[in-house]
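Presented below is the structure to which this report refers.
Number of protein chains: 2
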Amino acid sequence: MVKIVNNPKISKIEGVRIVPLAQISDERGSVLHMIRNEGPLCEFGEVYFSEVLPGKIKAWKRHKQMTQNFAVPLGQIKLAFYDDREHSRSKGKIETLVLGRPDNYYLVQVPPFLWYGFQGIGSTPSILANCADMVHEPEESESHDYTNPDFPFLWK
Amino acid sequence: MVKIVNNPKISKIEGVRIVPLAQISDERGSVLHMIRNEGPLCEFGEVYFSEVLPGKIKAWKRHKQMTQNFAVPLGQIKLAFYDDREHSRSKGKIETLVLGRPDNYYLVQVPPFLWYGFQGIGSTPSILANCADMVHEPEESESHDYTNPDFPFLWK
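From first to last, the protein sequence lines stand for chains A and B. Mapped onto my numbering, the consecutive letters of the first sequence carry residue numbers 1 to 156. Mapped onto my numbering, the consecutive letters of the second sequence carry residue numbers 1 to 156.
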């Protein structure tokens, strides 16, 4: 058994937290930490998964109330943020992160009102796990198409 | 978008609950429900993943305090239970379940003191997600090798 924990990372976007997660590997397959009911990260509402097929894009979306906690236990995704929050220190900024094992296995906490999107960049389906602090409510989220020109980011 | 929910299933093992989970599919990849903070299923302790490679076996294990909630968002696994609990109506019974999409996407709740194990039966790595009702504590679980002859089940 080998325990891997990647180096800490700091987001450029206000309110985004990036926390290294342990991967305990053995020859049968790895045990992969995600989130515990302790500390400031965690208020539990719902766990669900968003599969994203190779090359496909799920963007843009934001929640008005929900804080999300993302991890990618299988596959590789590119996650992008666009911050247009009026009073944010990072207003106007784009950030992209790659998430996936073994080098980029992190918990990423996404605050409300931040636009996000993601793309499958592996050769097989990827899984984005989300542990959210509230149960899904369709009315509290907004979406735009990934081609919307108001977003200063080109998905390839 | 197509929403799939499989038929209900009833476990032969006392205390095991099998709950159909929604799969909302589109051409980019599916959204897969797992667990919500509502109803009797849910007390939140920790979410983690156990990867299991094709053909590999992770068995046997039981917890003395933890109730676990399993789902398999990617891949296919065979899950087996062995009930040797003294006062259980299903004492002595083995049960096996296949978990995986699209036909066997279920939440399976596993009570304390029930032996369980699982095997990757897909051609690619499988992910067993576990939402447990407490944070991992090494002392409250026990393990036996999958070849242990006290268990009336042969892993292939």
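All C-beta atoms in this analysis are idealised placements derived from N, C-alpha and C, irrespective of residue type, glycine included. Everything numeric in this text was worked out from a predicted model, so none of it was measured.
Quiz item: To which residues of the same chain is Asp-26(B) closer than 7 angstroms at the C-beta, ignoring the five residues directly before and after it?
Solution: Met-1
Self-check item: Phe-118(A) and Val-52(A) closer than 8 angstroms at C-beta
Solution: yes
Quiz item: Mind checking whether Ile-35(B) and Asn-7(B) have CB atoms under 8 angstroms apart?
Solution: no
Practice problem: Pair every Cβ in the stretch 83-102 of chain B with every Cβ in the stretch 53-61 of chain B, then say whether three or more of these pairs are closer than 8 angstroms. | Solution: no
Exercise. Go ahead and pull the three-state DSSP assignment for Glu-14(A).
Key: coil
Self-check item: Rounded separation between Pro-112(A) and Asp-133(B) - CA only
Solution: 26 angstroms
Quiz item: Pick from Ser-50(A), Arg-62(A), Gln-109(A) and Val-5(A): whose alpha carbon is nearest that of Phe-151(A)?
Solution: Arg-62(A)
Exercise. Could you have a look at Gly-125(B) and say whether DSSP puts it in helix, strand or coil?
Key: The question names Gly, but residue 125(B) in the sequence shown is Pro. Here Pro-125(B) sits in coil by DSSP.
Self-check item: According to DSSP, residues forming a beta bridge with Lys-58(A)
Solution: Phe-118(A)
Quiz item: beta strand (DSSP E) containing Arg-101(A): first to last residue?
Solution: From DSSP, Arg-101(A) is part of no beta strand (DSSP E); its letter is neither H nor E.
Exercise. Give me the Cα-Cα distance between Arg-17(A) and Pro-73(A), rounded to the nearest whole angstrom.
Key: 18 angstroms
Quiz item: Which residues, in order along the stretch 22-40 of chain B, keep a beta-carbon less than 8 angstroms from a beta-carbon of chain A?
Solution: Glu-27, Arg-28, Gly-29, Ser-30, Val-31, Leu-32, His-33, Met-34, Ile-35, Arg-36, Asn-37 and Glu-38
Practice problem: Ignore the nearest five residues each way along the sequence and tell me which others in Asn-37(B)'s own chain have a CB closer than 8 angstroms to its CB. | Solution: Phe-44
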